[in-house]
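Read through the structure below, which is laid out as C-alpha cells, and then see the notes.
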Amino acid sequence: MKPAPPKSTLVQVRLLVGNVRRAVGLALRVERGLTIRYVLVSVLNALLPVFIAWVGKQIVDAVVAAMADPTHALGPTLTWVGVELALILATHSSGQYLGYVAQLLRARLALHIDVLIFEKALRLGVRHFEDPEFMDVLERARKESSWRPLEMITNGLRLGRNVVTLVGFAALLSQFSLWAVLALTLAGLPFLAEVRYAAEQYTIKARRTQDERQAYYLQQLLTSDYYVKEVKLFALGPMLLGRHRDLHERFYAEDRSFAARRGLAVTALGMVSVGVFYAIYVVIVGQTAIGAITLGSMTLYLGVFRQGQDAFRSAMSSIAGAYEDNLYIQNLFDYLGIEDDDVAERGPESAPRDSEGPRIRFEGVSFDYPGSDRPALDGIDLEIAPGSTVALVGPNGAGKTTLVKLLAGLYPLEEGRILIGDDDIATLDKGEVRSRIGVLFQDFVHYHFTAADNVGIGWLPSLGDREAVEEAAQQAGADGVIEGLPEGYDSMLGRWFGGEQLSIGQWQRMALARAFMRRSRVLILDEPTASIDAEGEHEIFERFAELKHGATAILITHRFSSVRMADRIVVLDGGRIVEDGTHDELIARDGLYARMW
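According to this note's numbering, the sequence shown is numbered sequentially starting from 5.
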C-alpha cells in the first residue's frame with residue numbers, strides 16, 4: 005500500500021513543478037511542433053476575453069452616444085460590432101483548434117507512455133512481477149498515467165491563460181475600485197475544498213489498488229474461456245459474482261461518502277463567492293444610477309467581474325487539477341524510477357555460438373524469496389558435465405525450478421556464482437545468457453498467434469524461416485497437431501481471435517517445439533510431459549535423446565519413469581542437495597529418492 009501524499013506544501017510544490025517540467029518534456033519529445041502550437045494558441049485564447057470585454061464597453065458607449073445625439077454617425081458602432089465579431093470568431097476557432105491539438109497530443113502521449121511502461125517492464129526481472137507491492141505500483145502507473153501528463157500540461161496552460169486574463173481584467177476593474185479587485189479573489193474559495201478533497205480522493209484510490217486488481221481477477225474468472233469449465237463445473241459463478249459485487253459495493257459506499265462531503269464543502273464556499281459577486285453588482289449598479297460611471301462602464305465592470313470570477317475559479321480549479329494530476333503522474337515516475345535489473349538486454353541476433361554442450365557449475369548458490377522465512381536454495385554446489393543429462397527431483401518446494409530460473413538469469417543471484425562453460429553469468433548480458441538456453445517451463449504460455457509464430461518465437465532470428473519452424477515442430481511431435489489444423493502452420497491458435505483451441509497436451513507440444521527451435525546447447529525441461537499421455541511421453545523422450553546432439557540437459561520431473569534416461573539424478577530437499585547419483589545407486593541407498601520411487 006502506498007502511503008498518503010506528503011503534507012508539506014513545499015514538498016508538494018517542488019514535486020508539482022518538477023513533474024510539470026517532466027510532463028512538458030515528454031510532450032516535446034513526442035510532438036514538439038504540436039506542443040509549441042498548443043502553448044502559443046493557448047496564450048492567444050487567454051488574451052481574447054480581455055479584448056472582447058473592452059470592445060463591449062466601446063459598443064455600449066457608442067450606442068448611448070448615438071441615442072443622445074441623433075446626428076452622431078452609426079459607423080463607429082458598427083465598426084466596434086465588427087471588431088467584436090472578429091474576436092468572437094477568433095475565440096471560437098482557437099478553442100476548436102486547441103481541442104483538436106489536445107486530442108492528437110493525448111493519443112500520441114498515451115502511446116508513448118504505454119511504450120515507456122512496456123519497455124520498463126522488459127528491463128525488470130521476474131522477481132518484481134511476483135511481488136504484490138510491485139504489481140500495485142504497476143497497476144497505478146498503468147491506470148491513469150496515459151492521459152495525466154497532457155492533463156497536467158492542459159491545467160498548467162489553463163492556469164496561465166486564466167492568469168493572463170485575470171491580469172487584464174484586474175487592470176480594467178481597477179479603474180472602478182481596488183476593493184473590487186480584492187473581492188474578485190474570493191471567487192477562489194471553493195479551490196480550498198478542491199485541493200483538500202483531491203488529496204483525499206488520491207489516498208482512497210491508492211488504498212484500494214489491490215482490491216481493484218482482485219475485482220479485475222474475479223471478472224476474468226467469470227468471463228474468460230480459460231476458467232469457464234471449472235467455474236461452471238463447481239458452480240462458482242454466484243460466489244465469484246457475490247465477491248465482485250461486494251468489492252464494488254464497498255467502492256460505491258466510499259465514493260458516495262466522499263462525493264457528499266466534497267459537494268457540501270464546495271457548495272458552501274461557492275455560495276460565499278456568489279454573495280460577494282452580488283454585493284459588487286449592487287455597488288456598480290448604484291454608481292451607474294447616480295451617474296458616477298457610464299452605462300458602458302457598468303457593462304464593462306459587471307462583465308469583467310462576472311468573467312473574472314469565472315476565470316479565477318478556473319485558475320484555482322486548474323491548480324487543484326494540477327495538484328491531483330501530480331499525485332497520479334508521480335505513480336508513473338515512481339514506476340519508471342525503479343532500478344533496472346536487465347540493463348542493456350539484447351535479443352538473440354545469431355545462432356548460439358557453442359557447438360558442444362557446455363559444462364555448468366553452481367558454486368555456493370543461495371537464494372531467498374522476498375518475505376520468505378527460509379531460503380529457497382542454501383549453499384548449492386553442483387557441476388554438470390558437458391553434454392550430460394541431469395534430472396532434478398525432489399518434493400514440491402525443494403528448489404528445483406528456482407535453480408534453473410537462476411541459471412536462465414530470471415532471478416538475480418544473491419550469493420555464489422553460476423558458470424556456463426568458463427563464463428560467469430553475472431558478467432554476461434542477460435540476452436546472451438538466455439540465447440544459450442532453451443527452456444520449457446511447466447507453466448508455459450499459450451500464445452494466441454499463428455501456429456508458425458507459436459513455434460518460431462522460440463528463436464526470433466528464424467521466425468520467418470518456415471523450414472526451421474517445421475523442423476522444430478517435427479522434433480517436438482507437434483507437426484501432427486499443426487497439420488490437422490484448417491490452415492496448417494498459418495492457423496490462428498486460441499479463441500481470443502477466432503482461432504483453434506488446442507488441448508493442454510497439444511499446447512505443450514507447441515511449447516516444446518519452441519524450446520527445440522532455439523537449437524541451444526543447454527536444454528532445460530521443467531515437467532516437459534506433465535500434460536501428455538504415457539505414449540506421447542515415451543515418444544518425446546525418445547526424440548529428445550535422439551536430437552539432443554551433445555547438448556547439456558537438465559530435466560525437472562515428478563515422473564520417475566522419465567528420470568531413468570538421465571545420466572545422473574540430483575535430489576533436492578529444503579533448498580539443499582541431499583542425494584546425487586544414478587537411478588540404481590540412489591535406489592540402493594534407500595534414501596529420499598528410494599522412498600519417493
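We put the beta carbon where it would ideally sit given N, CA and C, even for glycine.
None of the values given here were measured: they were computed from a predicted structure.
In the DSSP assignment, Arg310 falls within the unbroken alpha helix (DSSP H) covering Leu299 to Leu340. Per the coordinates, the alpha-carbon of Gly442 lies some 45 Å from the alpha-carbon of Tyr206.
Counting C-beta pairs closer than 8 Å gives fewer than three between the segment 22 to 31 and the segment 246 to 263, which falls short of the contact rule. When the five nearest sequence neighbours on each side are left out, the beta carbons in the same chain lying within less than 8 Å of the beta carbon of Val59 are those of Trp84, Val87, Glu88 and Leu91, in order along the chain.
CA-to-CA, the gap between Thr81 and Met71 works out to about 11 Å. Look at Ser370 here: in three-state DSSP terms it is strand. Taking every protein chain shown into account, the CB of Ser178 has fewer than 16 other CB atoms within 10 angstroms, so this residue is exposed.
Along the segment 404 to 439, the beta strand (DSSP E) occurs as fully enclosed runs of 3 or more residues at 419 to 424, listed in sequence order.
For Leu244, the enclosing alpha helix (DSSP H) has its first and last residue at Gly241 to Ala293. For Glu419 and Thr393, the gap between their C-alpha atoms comes out near 25 Å. For Ile486, the uninterrupted alpha helix (DSSP H) segment begins and ends at Asp483 to Glu487.
As DSSP reads the structure, Ile384 sits in a beta bridge with Val369. In this structure Gly129 is not in contact with Ala50, their Cβ atoms being roughly 48 Å apart against a cut-off of 8 Å. Between Arg131 and Tyr415, the C-beta spacing is below 8 Å. Taking 8 Å as the cut-off, the beta carbon of Gly460 is found closer than this to the beta carbon of Met521.
At a Cβ-Cβ threshold of 8 Å, Phe173 and Ile297 do not count as neighbours.
Between Glu343 and Lys124, the alpha-carbon positions lie close to 10 Å from each other. Put simply, the backbone Cα of Gly103 is about 21 Å away from that of Arg317.
DSSP, reduced to helix, strand and coil, places Ile558 within a strand of the structure shown. Approximately 5 Å separates the beta-carbon atoms of Ala476 and Ala517; this is inside 8 Å, confirming the contact. Beyond the five residues adjoining it in sequence on each side, Arg217 comes within less than 8 Å, by CB distance, of Met139, Asp140 and Glu143 in the same chain, given in chain order.
The closest CA to that of Ala319, considering only Leu161, Val286, Lys209 and Gly37, is found on Leu161. Taking C-beta atoms under 8 Å as the contact rule, Val369 and Leu410 qualify, at a distance of about 7 Å.
Scanning its chain for C-beta atoms nearer than 6 Å, with the 5 sequence neighbours on each side dropped, one finds around Tyr201 the residues Arg266, in chain order.
Contact check between the segment 241 to 258 and the segment 269 to 286: fewer than three CB pairs, one atom from each, fall below 8 Å, which does not count as touching. In this structure, Arg470 sits near Tyr493, with a CB-CB distance shorter than 8 Å. Here DSSP, grouped into helix, strand and coil, assigns Val449 to coil. By the CB criterion at 8 Å, Ile581 and Leu386 fall inside the cutoff.
Collapsing the DSSP output to three states places Ile573 in a strand.
Between Ile284 and Leu182, the alpha-carbon positions lie close to 12 Å from each other. The straight-line gap separating the alpha-carbon atoms of Phe564 and Trp601 is approximately 7 Å. If you draw a straight line from the Cα of Met275 to the Cα of Gly307, it comes to about 19 Å. Under a 10 Å Cβ-count criterion, Val449 is classified as exposed, with fewer than 16 other Cβ atoms of the shown protein chains found around its own Cβ. Sixteen is the threshold: when 16 or more other Cβ atoms of the shown chains lie within 10 Å of the Cβ of Val280, as they do, the residue is buried. Listed in chain order, the non-local C-beta contacts of Val45 below 8 Å within the same chain comprise Ser98, Tyr101, Leu102 and Val105, local neighbours out to five positions each way being set aside. Residue range Thr393 to Val397 is occupied by the beta strand (DSSP E) that includes Ala395, with no alpha helix (DSSP H) assigned at that position.
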